[in-house]
Each structure stands twice: as structure tokens, then as C-alpha cells.
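In terms of the numbering used here, the sequence shown has 354 at position 34, counting the first letter as 1, and numbering is strictly consecutive.
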Amino acid sequence: MRTVELMNRVLPDACVYGHEKLIAGLELPDPNDRHVLAAAICGQADVIVTLNLKDFPRDQLEPFGIDAQHPDAFCGYLFDLDAAAVISAATKHRAQLRNPKMDVDQYLLNLAKHGLPQTAKSLSAYRSII
């Protein structure tokens, strides 16, 4: 609940409502993921960012104008779009880590370990300010 409260405080407009009525009419390999697609449709999202790409096939997302992207690819897109914003976000994120605190090298290793190797590589060039 704490995480949900923090997310809602930081991103107050990120919640999507009214998507429940769409769930039953959607088809995905894992029926338990239909709520994600329904929320993306109602929220007029262009992309679903997920490690679980196999459960969001292109042919089932395409009719809604939605794509599924791996988080590392999405971060790469953001880095190309606005590197300063990504570097700033990473710096702020690392500074907020308390349990455990991480030095820059640990932080970058942790990103890579959790599926963001290209993001970690891109950020490593800015280790002196992260």
C-alpha cells in the first residue's frame, strides 16, 4: 500500500478508471493480463512497457494502436529523446535509495541485473554525476 500511495502522489494523473468494462472482450495469451491492455486502451497509451513481451503479442495490440516494449528498449528511446531527463531521473532515483544505499557502480550493476543492461551502459558514461 505504501508503494501505491507513493506512486499516486508522484504521478497523480497516472490512474486509469473505467477500463474494467473492456476486460472481458479482450484476448491475450494470459487472461490475467487483459486488465493491462484495457487500461492502456482507456488511457490512450501508445506503449505497454513490460518484461513480459510474450503475453502481449503485436497482432493483438495493433488494432488498438498499442505496442509492447521491453523496459530497456523504452529507456533507450527516452535516453535518445531527452538524455538529460533520464540522467536526472537516475540521479534522483539512486539518491533516494536507502535500504540499501548504492554507490554508482552498484546502482548500474543493479539496473543491468534487473533487465536494463543497455540503460546501465548508456548511464555509465555519466557515472560522475549520477
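Just so you know, even glycine gets a beta-carbon here, dropped at the ideal spot from N, CA and C.
Query - Opening and closing residue of the alpha helix (DSSP H) in which A359 lies - result: R354 to C362
Requested in this report: Indicate whether at least one CB of chain D lies closer than 8 Å to the CB of N372.
Outcome: The displayed structure is made up of one protein chain only, and chain D is not part of it.
Query raised in the report: Which of the three DSSP states, helix, strand or coil, is assigned to D333?
Result: coil
Query raised in the report: Just to confirm, are D387 and D353 a CB contact at a threshold of 8 Å?
Result: no
Query raised in the report: Tell me, which residues are paired with A388 by DSSP?
Result: I368
Query raised in the report: In the structure shown, what three-state DSSP assignment does K421 receive?
Result: coil
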